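Chemist: Pasting in a structure now, in structure tokens, and then I'll have a few things to ask.
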DNA sequence: GTCTATATGGGGATAGAC
DNA sequence: GTCTATCCCCATATAGAC
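Residue numbers (UniProt numbering), protein chains in the order written: chain A, 1 to 183; chain L, 1 to 183.
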């Protein structure tokens, strides 16, 4: 809410970057503090624990997932609804911090075991797959549905040397995802 | 080579399990030693460092990838070769320890940054995607190719409550992967 | 091949001054 | 809101006896 970027936000940004690049456990609070030009103790003013930093990063992700799931639950199940779920999910991922947070969690799956907020995201992701599926689905169909969602996460990490805008990547991912969700 | 399971092998097994379940950094050598009923120092007789345990786990994975890539390089590029690459990759993944090692690496991506053998696997995986592609591929096509390979990794983690044998999972994954590779 | 004992270092976290 | 100083714990790793 402050006029310029406050320290709390800068901590989140640096932490997210280091957690993603070097790993959650491998990143020490000292390191984060050094980059920001403050001391460890200063971090503890803004966040009570290292886990709290992670929790703060996940909050708007959880809210977005909850909203999408709630919307989906109100729709009739069917191909068109499935496609629209993917579109909304993709649109949501396009936000700047959003897919960065998902990437961070993907790359640190084990290290984040037991973090309560991370478990919530995992649970919501499972729920999202559930609303994308139907009772009689075969294993192959379930796999396709899961891969459709996953494709939307992967758009940024494939062909990294390719020149492509975010929009082009989302469009490509959505095309592949929609093809997978047809089955 | 010993008659019964030697300590070295048992260390590898326990380490792989804990690294996968709890995370690489979160798993201490003390913990591994305790489970095996030996001391930390005993581990250091078999492996010079913690990294060495990881390196030992990756070795046959690297060999398998090298062999597949070499085979692929000798074939004419085309749809049939691409399908056969997927089939061979899938068959290889079916081995007991194999996909466990890949899962371990997937779940600990960031923690394993800089481990030399792990970087080799990363490099070989990129190379595998390269032989699966062709010069003029669009972003969408590249994405589909990458997702095809990735699907073969994911077969075990989708619909975990579903009763399915390894063979059924591989078959389903291969079906999805082959569909993706057509494009 | 495994042990005890220890070196060495860094981690997260806290107290209390400014 | 940030600092200095410090606590406590556990990590990897090593030395040397058995």
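Note that beta-carbon positions come from the ideal geometry of N, C-alpha and C, so glycine has one too.
Since we're looking at a predicted model, the values are computed, not measured.
Taking buried to mean at least 16 other C-beta atoms within 10 Å of its own C-beta, is residue 157 of chain L buried or exposed?
Modeler: Along the second chain, one-based indexing puts residue 157 of chain L at 157. It counts as exposed.
Chemist: Contact criterion: CB-CB distance below 8 Å. Does residue 2 of chain L meet it with respect to chain A?
Modeler: On the second chain, position 2 is the one that residue 2 of chain L refers to. Because the pLDDT of residue 2 of chain L is 42, which lies under 50, any placement of that residue in the model is unreliable, and the question is left without a value.
Chemist: Tell me whether residue 133 of chain A counts as near the ligand MN, meaning its Cβ is closer than 7 Å to at least one heavy atom of that ligand.
Modeler: Absence of the ligand MN from the depicted structure is noted, as is the absence of any ligand whatsoever, leaving it without description.
Chemist: Considering Cα atoms alone, identify which of L:146, L:23, L:80 is closest to residue 151 of chain A.
Modeler: Along the first chain, one-based indexing puts residue 151 of chain A at 151. Nearest C-alpha to residue 151 of chain A: L:146.
Chemist: Residues of chain A with CB closer than 7 Å to the CB of residue 102 of chain L, please, in chain order.
Modeler: Counting from one through the second chain, the residue named residue 102 of chain L turns up at place 102. Within chain A, no residue comes near residue 102 of chain L; the closest Cβ sits about 13 Å away, beyond 7 Å.
Chemist: Do we get a CB-CB distance below 8 Å when we pair residue 17 of chain L with the residues of chain A?
Modeler: Start at 1 with the first residue of the second chain, and residue 17 of chain L comes out as number 17. Residue 17 of chain L does not count as touching chain A.
Chemist: Counting pairs of beta carbons, one from the region 21–31 of chain A and one from the region 103–114 of chain L, are three or more of them closer than 8 Å?
Modeler: Yes: the two stretches touch, three or more of their Cβ pairs being nearer than 8 Å.
Chemist: Would you kindly report the start and end of the unbroken alpha helix (DSSP H) that includes residue 21 of chain A?
Modeler: For the purposes of this step, residue 21 of chain A is identified with residue 21 of the first chain, where counting begins at 1. Residues 7–22.
Chemist: Using a Cβ-Cβ cutoff of less than 7 Å, which residues in the same chain neighbour residue 43 of chain L once the five nearest sequence positions on both sides are dropped?
Modeler: Counted from its first residue, the second chain places residue 43 of chain L at position 43. Only 11, 29, 32, 33 meet the Cβ criterion.
Chemist: One question on the structure: do residue 82 of chain L and residue 132 of chain L come within less than 8 Å of each other, judged by their Cβ atoms?
Modeler: Numbered from 1 along the second chain, position 82 holds the residue referred to as residue 82 of chain L. Numbered from 1 along the second chain, position 132 holds the residue referred to as residue 132 of chain L. Yes, these two residues count as a Cβ contact at 8 Å.
Chemist: Could you check whether the Cβ of residue 14 of chain A sits closer than 8 Å to any Cβ belonging to chain L?
Modeler: On the first chain, residue 14 of chain A is found 14 positions in, with the first residue counted as 1. Not closer than 8 Å to any Cβ of chain L, the Cβ of residue 14 of chain A fails to qualify, so no.
Chemist: Using 8 Å as the threshold, is the region 90–97 of chain A in touch with the region 37–55 of chain A, meaning 3 or more CB pairs across them?
Modeler: The region 90–97 of chain A, when compared against the region 37–55 of chain A, does not touch it at the 8 Å Cβ threshold.
Chemist: Can you give the Cα-Cα distance for residue 167 of chain L and residue 153 of chain L, rounded to whole angstroms?
Modeler: Within the second chain, the letter at position 167 stands for residue 167 of chain L. Within the second chain, the letter at position 153 stands for residue 153 of chain L. Their Cα atoms are separated by approximately 14 Å.
Chemist: Tell me whether residue 96 of chain A sits in a helix, a strand or coil according to DSSP, three-state version.
Modeler: Residue 96 of chain A sits at position 96 when you count from the first residue of the first chain. Three-state DSSP puts residue 96 of chain A in a helix.
Chemist: Using Cβ-Cβ distances below 8 Å, what residues of the region 144–158 of chain L are close to chain A?
Modeler: Hits within the stretch, in order: 144, 146, 147, 150, 151, 154, 155, 158.
Chemist: With residue 124 of chain L as the anchor, note down where its alpha helix (DSSP H) starts and where it stops.
Modeler: Counting from 1 along the second chain, the entry for residue 124 of chain L is found at position 124. Residues 116–132.
Chemist: Give the range of the alpha helix (DSSP H) segment to which residue 145 of chain A is assigned.
Modeler: In the first chain, counting from the first residue as 1, residue 145 of chain A sits at position 145. Residues 139–154.
Chemist: Determine the closest residue to residue 190 of chain L out of L:89, L:78, L:141, with distance taken between C-alpha atoms.
Modeler: Within the shown structure, residues of chain L are numbered from 1 to 183, placing residue 190 of chain L beyond reach of any answer.
Chemist: Please check the pair residue 87 of chain L and residue 174 of chain L, which I expect to be a contact at CB under 8 Å, by giving their CB distance rounded to whole angstroms.
Modeler: Sequence index remark: in the second chain, residue 87 of chain L carries index 87 (1-based). Sequence index remark: in the second chain, residue 174 of chain L carries index 174 (1-based). Yes, they are in contact, since the Cβ atoms of residue 87 of chain L and residue 174 of chain L sit about 7 Å apart, within 8 Å.
Chemist: Chain A beta carbons: is any one of them nearer than 8 Å to that of residue 95 of chain L?
Modeler: What you label residue 95 of chain L is simply residue 95 of the second chain in a count that begins at 1. No, residue 95 of chain L lies away from the interface with chain A (no Cβ there is under 8 Å from its Cβ).
Chemist: Have a look at A:169, A:140, A:148, A:105 and flag the residue whose alpha-carbon is nearest the alpha-carbon of residue 164 of chain L.
Modeler: By 1-based counting over the second chain, the position of residue 164 of chain L is 164. Checking every option, the nearest Cα to that of residue 164 of chain L belongs to A:140.
Chemist: Note down the Cα distance separating residue 182 of chain A from residue 138 of chain L, rounded to an integer number of angstroms.
Modeler: What you label residue 182 of chain A is simply residue 182 of the first chain in a count that begins at 1. What you label residue 138 of chain L is simply residue 138 of the second chain in a count that begins at 1. Approximately 21 Å, taken between the alpha carbons.
Chemist: For residue 144 of chain A, count neighbouring C-beta atoms within 10 Å of its own C-beta (all shown protein chains included) and say buried if the count is 16 or more, exposed if not.
Modeler: For the purposes of this step, residue 144 of chain A is taken as the residue at position 144 of the first chain. Per the 10 Å Cβ criterion, buried.
Chemist: Helix or strand or just coil, what does DSSP make of residue 72 of chain L?
Modeler: Here residue 72 of chain L is taken as the residue at index 72 of the second chain, counted from 1. In this structure, residue 72 of chain L counts as helix in the three-state DSSP scheme.
Chemist: So if I threshold CB-CB distances at 8 Å, which residues from the UniProt domain "HTH tetR-type" (5–65) of chain L count as touching chain A?
Modeler: Under the 8 Å Cβ criterion, the UniProt domain "HTH tetR-type" (5–65) of chain L contributes 19, 20, 21, 22, 23, 24, 25, 26.
Chemist: Find the residues of chain A that neighbour residue 91 of chain L, judging by a C-beta separation of less than 7 Å, and give them in chain order.
Modeler: As a working mapping, residue 91 of chain L is identified with position 91 in the second chain. Result: empty, since nearest Cβ-Cβ is about 18 Å, beyond 7 Å.
Chemist: Which residue wins for smallest C-alpha separation from residue 8 of chain A, given the options A:64, A:85, A:57?
Modeler: Locating residue 8 of chain A in the first chain gives position 8, where the first residue counts as 1. That would be A:57, whose Cα lies nearest to the Cα of residue 8 of chain A.
Chemist: Among L:169, L:59, L:52, L:148, which residue has its Cα nearest to the Cα of residue 178 of chain L?
Modeler: The residue labelled residue 178 of chain L in the question sits at position 178 within the second chain. Here the closest residue by C-alpha is L:148.
Chemist: Using the beta-carbon of each residue, which ones in chain L are nearer than 9 Å to residue 168 of chain A?
Modeler: Counted from its first residue, the first chain places residue 168 of chain A at position 168. Within chain L, the residues near residue 168 of chain A are 139.
Chemist: Count the other CB atoms, across all protein chains shown, that sit within 10 Å of the CB of residue 27 of chain A; report buried if there are 16 or more and exposed otherwise.
Modeler: The residue you call residue 27 of chain A lines up with position 27 of the first chain. Classification of residue 27 of chain A: buried, given that the 10 Å Cβ count is 16 or more.
Chemist: Which one of L:5, L:51, L:46 has the shortest CA to CA distance from residue 19 of chain L?
Modeler: Taking the first residue of the second chain as 1, we reach residue 19 of chain L at position 19. Measuring from the Cα of residue 19 of chain L, the nearest candidate turns out to be L:51.
Chemist: Mark residue 130 of chain L as exposed unless 16 or more other C-beta atoms lie within 10 angstroms of its C-beta, in which case mark it buried.
Modeler: In the second chain, counting from the first residue as 1, residue 130 of chain L sits at position 130. That one is exposed.
Chemist: Just how far apart, CA to CA, sit residue 75 of chain L and residue 124 of chain L?
Modeler: Within the second chain, residue 75 of chain L is the residue found at index 75, counting from 1. Within the second chain, residue 124 of chain L is the residue found at index 124, counting from 1. So the alpha carbons of these two residues sit roughly 18 Å apart.
Chemist: If the criterion is Cβ atoms closer than 8 Å, does the pair residue 77 of chain L and residue 119 of chain L meet it?
Modeler: Locating residue 77 of chain L in the second chain gives position 77, counting from the first residue. Locating residue 119 of chain L in the second chain gives position 119, counting from the first residue. No, Cβ-Cβ distance for residue 77 of chain L and residue 119 of chain L is not below 8 Å.
Chemist: Quick one: using the 10 Å Cβ neighbour count with 16 as the cut-off for buried, is residue 15 of chain L buried or exposed?
Modeler: Here the question's residue 15 of chain L lines up with position 15 in the second chain. It counts as buried.
Chemist: Does the beta-carbon distance from residue 63 of chain A to residue 117 of chain A come in below 8 Å?
Modeler: Reading the first chain from its first residue, position 63 is the one you call residue 63 of chain A. Reading the first chain from its first residue, position 117 is the one you call residue 117 of chain A. Contact: no.
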